[in-house]
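Novice: The C-terminal residue of the sequence shown carries number 553 in our numbering, and the numbering is unbroken.
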Amino acid sequence: VKIFHPSGKGEPVVAKVLIDSAATRAYVTKSVRNRLGLPMLGKERLNTLMFGRSETGLREFDNTEVVVQGWATGEKVRQQALIAKNIAHPMAPVRLTNLAKLGVPLADNGTLDIAEICMLIGGDQYWDVLLPQPAIIGK
Numbered sequence: 415v416k417i418f419h420p421s422g423k424g425e426p427v428v429a430k431v432l433i434d435s436a437a438t439r440a441y442v443t444k445s446v447r448n449r450l451g452l453p454m455l456g457k458e459r460l461n462t463l464m465f466g467r468s469e470t471g472l473r474e475f476d477n478t479e480v481v482v483q484g485w486a487t488g489e490k491v492r493q494q495a496l497i498a499k500n501i502a503h504p505m506a507p508v509r510l511t512n513l514a515k516l517g518v519p520l521a522d523n524g525t526l527d528i529a530e531i532c533m534l535i536g537g538d539q540y541w542d543v544l545l546p547q548p549a550i551i552g553k
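(1) Would DSSP call lysine 423 helix, strand or coil?
(2) If you run the structure through DSSP and keep just helix, strand and coil, what is asparagine 448?
(3) With burial defined as no fewer than 16 other Cβ atoms inside 10 Å of the residue's Cβ, what is the status of glycine 451: buried or exposed?
(4) Using only CA atoms, which one of Gln539, Lys499, Gly537 lies nearest to isoleucine 531?
(5) In the structure shown, what three-state DSSP assignment does glycine 456 receive?
(6) Any contact between the region 416-428 and the region 477-496? By contact I mean 3 or more CB pairs, one from each, below 8 Å.
Okay, structure coming up:
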């Protein structure tokens with residue numbers, strides 16, 4: 415996806431995103447906040463178990479706002495996000511050419527030179543980014 419400053423100023427950050435249907439919030443990394451100069455909208459304290467930790471605990475997060483442009487529709491969606499030091503350990507680029515040959519559409523076919531996962535999108539925001547228009551399932 416592309417992550418933009420909410421005012422539209424500056425260049426966007428092209429980012430790998432982890433979509434977590436169990437998460438109820440969106441998160442961006444401190445590096446994204448610094449690169450975009452994102453505004454701080456306050457702080458939130460949450461009891462969390464996440465980001466590779468094995469213990470729960472009350473943590474304080476800065477809150478910000480971003481605009482995310484999804485790959486599927488190109489639509490831009492405004493979202494609130496909490497700022498985390500990191501979201502996941504950096505991953506080595508993986509070539510997924512076999513899936514591409516089968517016609518499976520991929521957001522990242524391994525050509526992006528980005529190892530860091532810069533954003534986590536929770537289930538509450540999942541469809542806003544992937545499919546901003548309502549989807550009718552069934553009759």
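Cβ coordinates follow ideal geometry from the N, Cα and C atoms, glycine included. If you're wondering where the values come from, they're calculated on a predicted model, not measured in any experiment.
Specialist: From the atom records:
(1) Sequence index remark: in the sequence shown, residue 423 carries index 9 (1-based). Lysine 423 sits in coil when the DSSP states are folded into three classes, being neither helix nor strand.
(2) Within the sequence shown, the letter at position 34 stands for residue 448. Looking at asparagine 448 - three-state DSSP - the assignment turns out to be helix.
(3) As a working note, residue 451 is residue 37 in the sequence shown. By the 10 Å Cβ count, glycine 451 comes out exposed.
(4) Start at 1 with the first residue of the sequence shown, and residue 531 comes out as number 117. Cα-wise, what sits closest to isoleucine 531 is Lys499.
(5) Within the sequence shown, residue 456 is the residue found at index 42, counting from 1. Correct three-state label for glycine 456: strand.
(6) Contact between the region 416-428 and the region 477-496 is present, because at least three Cβ pairs lie under 8 Å.
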